[in-house]
Amino acid sequence: MTLPKFKKEHTKVILSFLALFFLLCSYYIIKPFRAGVFYKNFDYQTAPYLQLSCIIGSLLLTKVFTSFYKKLSSIKLVGASYFIISLIHVSFYFLLTISSKKIAFIFCLWASIYFLLALAILWGNTNQIFSSKQAKIYYGFVLFGALSGSTCGSILSGYIIKLGYLDYSLLFSSALLLISLIFIYFADHYNIDKITDSVSLDKQKKEEEKEKNQRGFFSDFQELFKKNYLLCIAIMVFCLTFSKTAFEYQTLPIIDLEISKQVFLIHFQDLNNKINKKQKLKQKFNLTALEFIRSLKKLGEFQKLETIDLFKKTHNLSYDIQSSYKSYLKGFQTQISLWHNQTQNYQNIFALVLLLFGSSFILQKLGVSIAISLLPVCFFILLILTNFEISLFAIQICKVVAGALDFSINNASKELLFVSANSEANLRFKPFIEGPIFRLGNACSAIAFIFLGKINGINSQAIFLSLALIIVSIWFLKARDVAKQYNQLEGV
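Residue 155 in numbering that gives the first Met the number 0 sits at position 156 of the sequence shown, with consecutive numbering throughout.
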């Protein structure tokens, strides 16, 4: 029995909602776990080098994915990708039991790049199921699935951490990712009755697309520059990640220091008191002891033991620093995971409110132009705030506001831009833009931060901040430009 058309439309929406729900739920279990693994093993100054590695990893990962574009159907491509990601998650569950900085770094690299590809190919497949008209009506609800999933994932992650099951995060995430894949398959079943503006164009260009199967390594970059509409979106994504990373670098030292202080007093209260007594100081945190404990993270195991012995001899201590340090690292991993988890919870709740009460009104009444310009304005203000003394709580508020705007109104606007494009844009260029181009913004921000930091005699922080503000201004201008092109395509 054939279902009525409206019934099929509603079924597609619900299945797409559930696919996004479980994907985001899966990722938001991994996200605080990744932060904990990174800060447990590395100093915050390693973050720019991780970002540089991400662009290479993302480029290679996306190139492998796009090499199968046109060789497999879109649903088979999604299925294979999600299944392989799940296997890699399970592999890291076992590998991370080995105490190795190399394995920890590779995991943090993987956990930083896989999700962008997973999300991009899911949206690429979803954008082929809905027409432009349907997307305007239903994408608010579909995005609600993403935000609900991220909220539930954050809540679930919080329980996992508090109950002491943090090490099992990868297994939980892998299971939820496979559930997402099941709903993607069901949603794709309704792909047979889709009506898109680009179907006829795709049929006409079928032979042309076959000829493009043999591509050079940088051909995606070259062809992107020939497509002004997609190039504008790519520049916006680049500017977003550059600005976001710049804000992270301005605030990372504060986050690391403040959480280190909290955990230090739990595990090294006696050491803190003894050093204070020897130095005849009456301060809550003994800076000598605190900075010594924080510095151990940069050292190898052998160097760490030597440094601890030297510190004990210098200060005439019999205190067992090594065993307390292991507890400190575990506590630090848990505490920073909880902080990120709490930030994500507030972020997701605020994003849900914006999506429910603000997204539809702004997109339908004020238009894409206004909606897509809100986030660059927000980041311009936040970056200026980092030039002043800012607390851990204030940083959390800033991250909540910016993240909520990004996840709700900005994401909805960006997906609308892709709905008006053809299947090649959604299945070839979208993963490329939201993978390598996304990471290129991170990498360029990292390069600028590292380079300026190594030049003596300049105010590197002020110059870096000025550069970030220029990038945000370019982002704002390109957002207005692409909105005009979108309105022309839609005949608005």
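Cβ atoms here follow ideal geometry from the backbone N, Cα and C, with glycine treated the same way.
Own chain residues within Cβ distance below 7 Å of residue i, not counting five before or after
i: residue 368; result: 479 and 482
i: residue 377; result: 400, 401 and 404
i: residue 452; result: 459
i: residue 18; result: 121, 179, 182, 183 and 186
i: residue 23; result: 145, 148, 149 and 152
i: residue 84; result: 113, 117 and 176
i: residue 361; result: 369, 370 and 408
i: residue 303; result: 295
i: residue 316; result: 273
Sub-7 Å separation of residue i and residue j beta-carbons
i: residue 258; j: residue 335; result: yes
i: residue 497; j: residue 430; result: Outside the shown range of the chain (0 to 491) lies residue 497, about which nothing can therefore be said.
i: residue 477; j: residue 234; result: yes
i: residue 370; j: residue 326; result: no
i: residue 267; j: residue 291; result: no
i: residue 495; j: residue 31; result: Given that the chain is displayed from residue 0 to residue 491, the structure contains no residue 495 and the question cannot be resolved.
i: residue 485; j: residue 384; result: no
i: residue 471; j: residue 375; result: yes
i: residue 76; j: residue 82; result: no
i: residue 25; j: residue 176; result: yes
i: residue 50; j: residue 445; result: yes
i: residue 54; j: residue 350; result: no
i: residue 328; j: residue 43; result: no
Environment of residue i [buried if 16+ CB atoms lie within 10 Å]
i: residue 380; result: exposed
i: residue 265; result: exposed
i: residue 269; result: exposed
i: residue 255; result: buried
i: residue 450; result: exposed
i: residue 11; result: buried
i: residue 487; result: exposed
i: residue 123; result: buried
i: residue 300; result: exposed
i: residue 394; result: buried
i: residue 162; result: exposed
i: residue 212; result: With a pLDDT of only 48 at residue 212, under the threshold of 50, the placement of this residue in the model should not be trusted; the figure read from the coordinates follows. Exposed, by the Cβ-count rule.
i: residue 99; result: exposed
i: residue 225; result: exposed
i: residue 249; result: buried
i: residue 61; result: buried
i: residue 504; result: Lying before the first or after the last residue shown, residue 504 is absent from the chain, which here runs from 0 to 491.
i: residue 207; result: Residue confidence for residue 207 is low, a pLDDT of 46 falling below 50, so the modelled location carries little weight; the figure read from the coordinates is stated next. Exposed: under 16 other Cβ atoms inside 10 Å.
i: residue 313; result: exposed
i: residue 46; result: buried
i: residue 337; result: buried
i: residue 494; result: Residue 494 is absent from the structure shown; the chain starts at 0 and stops at 491.
i: residue 173; result: buried
i: residue 165; result: buried
Close Cβ partners of residue i (< 8 Å) along its chain, the five nearest in sequence each way excluded
i: residue 307; result: 295, 320, 321 and 324
i: residue 106; result: 33, 36, 91, 94 and 95
i: residue 260; result: 284 and 289
i: residue 287; result: 274 and 278
i: residue 210; result: Only weak support exists for where residue 210 lies, its pLDDT of 48 falling under 50; the coordinates are left without a value.
i: residue 355; result: 143
Beta-carbon proximity list for residue i, same chain, < 6 Å, skipping 5 on both sides
i: residue 15; result: 125, 141 and 186
i: residue 115; result: 433, 434 and 437
i: residue 169; result: 88, 91 and 92
i: residue 440; result: 237, 240 and 241
i: residue 56; result: 108 and 112
i: residue 409; result: 374
i: residue 171; result: 28
i: residue 74; result: 187
i: residue 293; result: 259
Cβ separation of residue i and residue j, assumed to be a contact under 8 Å, to the nearest whole Å
i: residue 353; j: residue 407; result: 4 Å
i: residue 28; j: residue 155; result: 6 Å
i: residue 391; j: residue 468; result: In fact, because the Cβ distance is near 24 Å, the residues do not count as touching under 8 Å.
i: residue 549; j: residue 38; result: The chain is shown from 0 up to 491; residue 549 falls before or after that span and cannot be answered.
i: residue 273; j: residue 345; result: Not quite, the Cβ-Cβ distance comes to about 39 Å (not below 8 Å), so this is no contact.
i: residue 103; j: residue 40; result: 4 Å
i: residue 398; j: residue 342; result: 5 Å
i: residue 372; j: residue 475; result: 6 Å
i: residue 253; j: residue 473; result: That pair is no contact at about 27 Å.
Within-7 Å CB hit, residue i to chain B
i: residue 149; result: Checking the listed chains, one finds no chain B in this structure; it contains a single protein chain.
- Task: Let me know the alpha helix (DSSP H) ranges lying completely inside the region 217-305, each 4 residues or longer, listed in chain order.
- Result: 218-223, 227-266, 268-277 and 286-294
- Query: What are the uninterrupted segments assigned as alpha helix (DSSP H) that are 4 or more residues long and contained completely in the region 385-439, given in chain order?
  - Reply: 391-404 and 410-418
- Task: Please specify which runs of the beta strand (DSSP E), each continuous and at least 3 residues long, are wholly inside the region 35-61, giving them in chain order.
- Result: none
- Message: Ignoring anything shorter than 4 residues, give me the alpha helix (DSSP H) runs that lie fully in the region 94-159, in order along the chain.
- Response: 100-126
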